[in-house]
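Student: Protein sequences appear in the order of chains A and B.
169 is the number that our numbering gives to position 169 of the first sequence; each next residue is one higher, with no gaps.
Offset between the second sequence (1-based) and our numbering: plus 219.
All C-beta atoms, glycine included, are put in the ideal place defined by N, C-alpha and C.
Here it is, the structure in full.
There are 2 protein chains.
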Amino acid sequence: MATDPLPAYARIRYSMRAHYDAPTVHAILDAGLVGHLSFIADGRPMTVPLAYARDGACLYLHGASKTRFVKLCRDAAPLCLSVTILDGIVAARSAFHHSVNYRCAIVHGHARAVEDAAEHDHALQLITEHLLPGRYGEVRPMLPKERKATGVVALEIETASAKIRTGPPVDDEDDLTLGLWSGVVPVVTALGRGIADNHTPEGLPEPASLAAARRKFAE
Amino acid sequence: MATDPLPAYARIRYSMRAHYDAPTVHAILDAGLVGHLSFIADGRPMTVPLAYARDGACLYLHGASKTRFVKLCRDAAPLCLSVTILDGIVAARSAFHHSVNYRCAIVHGHARAVEDAAEHDHALQLITEHLLPGRYGEVRPMLPKERKATGVVALEIETASAKIRTGPPVDDEDDLTLGLWSGVVPVVTALGRGIADNHTPEGLPEPASLAAARRKFAE
């Protein structure tokens, strides 16, 4: 698309519901809350849920410096990050045509350890603010020992695809007159009002980042 | 636990938030809407979102007979299914202590193609009714050609773990008096009223499966 400076990603799979342009993939990555990262460990596939953030065509992930996926960077291991937003349950007139409405982005790349101090800080800010926009400036600054304890992994998007299903069920023509109920059950994910902990001063209003998060994830 | 006939699963990783008993793992699998399945394809990790259902210590997955993961059964490939339910964003007084409240089950096993007709039918009913309890009996029965077009994979749970975080932020003692707002932003996933398609008879009430689904996923 002309409005996006990034190249279209390579095609890795064809599907009626598949998209391979960067803006579509990026929009799903930006709208998701948590991702599922998969990698190969001891010859087996392994998946972990985790927070992430996007910066152009680069995804940032973080974890305790000792965790398995951070250690994978030493080997530039292949990674796959999948972000799925469920929008509805599609109830058709036959079990066969049942489906779900969803948006999913699947990204492939290789792990790169982020060692540069400025990039490390930038990544941690982006990961924090992916969920709570503006939060980094509201809290106590990061300490050197905290930076040391936090491993950051960069995953440059090498190939990616998006799969999207929207709309009503697609029933067989013969089934349309069966007199059955068919349609979509919406699935909505929403953020509520913040629940302050016991050490928050009485009467202190919610910080701006919470309202920003509710706006961001309201769609 | 004495109330569950299944053995505890083998420990695959230790964590403060980890659980390895079957009832905890099963409860998360039953409460999740969609899962993320990972497998190894051409030496790379691959993850796809998909519907699933649990029957005791066996998970059932399905897909078009021609899809890659169904073909994996020929090689009894190792699979990993991850189901995550996000419950809240944990906003601490430092970026370092930000977190999320979540329930995640991670299951490992090997792919087995379901060839037996009775088990195939049973699995498709369970997968349909995982999202819409009772739906199988409300719709037009499955046709032989539909059965043939649908590949079913069984994943016997060999090892599994659950990771759960609940509660408020855990801030550093020194940060508690900073006068900052700290707490949890609830994340709620809910099912709405069904939206009937254009071929549903006017005035036909929602089928019982939709209300059953709303009750099931209301927590």
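#1: Specify the secondary structure class of P205(A) as computed by DSSP and reduced to three states.
#2: DSSP three-state label for T396(B), please.
#3: Rounded to the nearest angstrom, what separates D335(B) and L345(B) at their Cα positions?
#4: Is there contact here, the segment 384–395 of chain B with the segment 55–75 of chain A, by at least three beta-carbon pairs under 8 angstroms?
#5: Using the three-state DSSP reduction, which class does R287(B) fall into: helix, strand or coil?
#6: Can you find the residues in the same chain that come closer than 8 angstroms, C-beta to C-beta, to G282(B), ignoring five residues on each side of it along the sequence?
#7: Determine the contact status of V319(B) and I195(A), defining contact as a CB-CB distance below 8 angstroms.
#8: Kindly indicate if chain C contains any beta-carbon less than 8 angstroms away from that of V188(A).
#9: Which residues in chain A have a C-beta closer than 9 angstroms to the C-beta of I325(B)? List them in chain order.
#10: Between L280(B) and the rest of its own chain, which residues show a CB-CB distance below 7 angstroms, the 5 nearest in sequence each way excluded?
#11: Would you say V184(A) lies against chain B (beta-carbon separation less than 8 angstroms)?
#12: Is S401(B) near D87(A), with beta carbons less than 8 angstroms apart?
#13: Would you mind sorting T128(A) into buried or exposed? The rule is 16 or more other CB atoms within 10 Å of its CB.
#14: First and last residue of the alpha helix (DSSP H) that includes H120(A)?
#15: Of the choices A430(B), L423(B), V267(B), whose alpha-carbon is the least far from that of V302(B)?
#16: Based on DSSP bridge pairs, tell me the residues matched to F39(A).
#17: Along the segment 190–218 of chain A, where does the CB come closer than 9 angstroms to a CB of chain B? Name the residues.
#18: Please list, in chain order, the residues of the segment 270–298 of chain B that have any C-beta partner in chain A closer than 9 angstroms.
#19: Using a C-beta to C-beta distance shorter than 8 angstroms, which residues of chain A count as neighbours of D335(B)?
#20: Using the beta-carbon count (16 or more within 10 Å), is K163(A) buried or exposed?
#21: Does the beta-carbon distance from F315(B) to M46(A) come in below 8 angstroms?
#22: How is G251(B) classed by DSSP in three states: helix, strand or coil?
#23: Assuming A296(B) contacts H329(B) (C-beta within less than 8 angstroms), just tell me the rounded distance between them.
#24: Going by other Cβ atoms of all chains shown within 10 Å of its Cβ, with 16 needed for buried, is P420(B) buried or exposed?
#25: Nearest-angstrom Cα distance between I12(A) and C292(B)?
#26: Under 8 angstroms between C-beta atoms, does D175(A) make it to chain B?
#27: Leaving out five residues on either side along the sequence, give the residues of the same chain with a beta carbon under 7 angstroms from the beta carbon of V90(A).
#28: Are the C-beta atoms of R312(B) and some chain A residue less than 8 angstroms apart?
#29: For S161(A) versus A18(A), is the C-beta spacing smaller than 8 angstroms?
#30: Compare the beta carbon distance of H108(A) and T177(A) with 8 angstroms and say whether it is the shorter of the two.
#31: Do L300(B) and G254(B) count as a contact pair if the criterion is CB distance below 8 angstroms?
#32: In the DSSP assignment, find the beta strand (DSSP E) that holds A330(B) and state where it starts and stops.
#33: Does the CB of L345(B) have a neighbour CB from chain A at under 8 angstroms?
Tutor: According to the structure data:
#1: Here P205(A) sits in coil by DSSP.
#2: It is coil, neither helix nor strand.
#3: If you take the alpha carbons of D335(B) and L345(B), they lie about 15 angstroms apart.
#4: Segments in contact, no.
#5: The three-state secondary structure of R287(B), taken from DSSP, is helix.
#6: Cβ neighbours of G282(B) beyond the five flanking positions: L269, F288, V289, T369, G370, V372.
#7: Contact: no.
#8: Here the protein chains are A and B, and chain C is not one of them.
#9: By Cβ distance, chain A contributes M46, T47, V48, P49.
#10: Cβ within range, chain order: L256, L269, Y271, V372, L374.
#11: Among the CB atoms of chain B, one or more fall inside 8 angstroms of the CB of V184(A).
#12: Taking 8 angstroms as the Cβ cut-off, S401(B) and D87(A) do not qualify as a contacting pair.
#13: T128(A) is buried by the Cβ-count criterion.
#14: Looking at the DSSP string, the run of the alpha helix (DSSP H) that includes H120(A) is 117–131.
#15: Cα-wise, what sits closest to V302(B) is V267(B).
#16: Looking at the DSSP assignment, F39(A) forms a beta bridge with M46(A).
#17: Under the 9 angstroms Cβ criterion, the segment 190–218 of chain A contributes A190, L191, G192, R193, G194, I195, A196, D197, N198, H199, T200, P201, L204, P205, E206, P207, S209, L210, A213, R214, F217.
#18: Within the segment 270–298 of chain B, A270, R287, A296, P297, L298 place their CB atoms closer than 9 angstroms to a CB of chain A, listed in sequence order.
#19: Going along chain A, no residue has its Cβ under 8 angstroms from D335(B), so there is no contact; the nearest lies around 18 angstroms.
#20: Buried, since its Cβ has 16 or more Cβ neighbours within 10 Å.
#21: Note that the C-beta distance between F315(B) and M46(A) is not below 8 angstroms.
#22: G251(B) falls in the coil class under three-state DSSP.
#23: A Cβ-Cβ separation of about 7 angstroms places A296(B) in contact with H329(B) under the 8 angstroms criterion.
#24: Sixteen is the threshold: since fewer than 16 other Cβ atoms of the shown chains lie within 10 Å of the Cβ of P420(B), the residue is exposed.
#25: Confidence is the limiting factor: at I12(A) the pLDDT is only 38, short of 50, which leaves the residue's position unreliable and the question unanswerable from this model.
#26: By this cut-off, D175(A) is an interface position.
#27: These residues qualify, in order along the chain: H98, S99, V100, N101, P169, V184.
#28: So, interface residue.
#29: Inclusion of S161(A) and A18(A) in the CB contact set at 8 angstroms is warranted, their separation being smaller than that value.
#30: No, the Cβ-Cβ distance between H108(A) and T177(A) is not below 8 angstroms.
#31: Cβ distance < 8 angstroms, so G254(B) and L300(B) count as in contact.
#32: Unbroken beta strand (DSSP E) run through A330(B): 318–332.
#33: Chain A contact via Cβ: absent.
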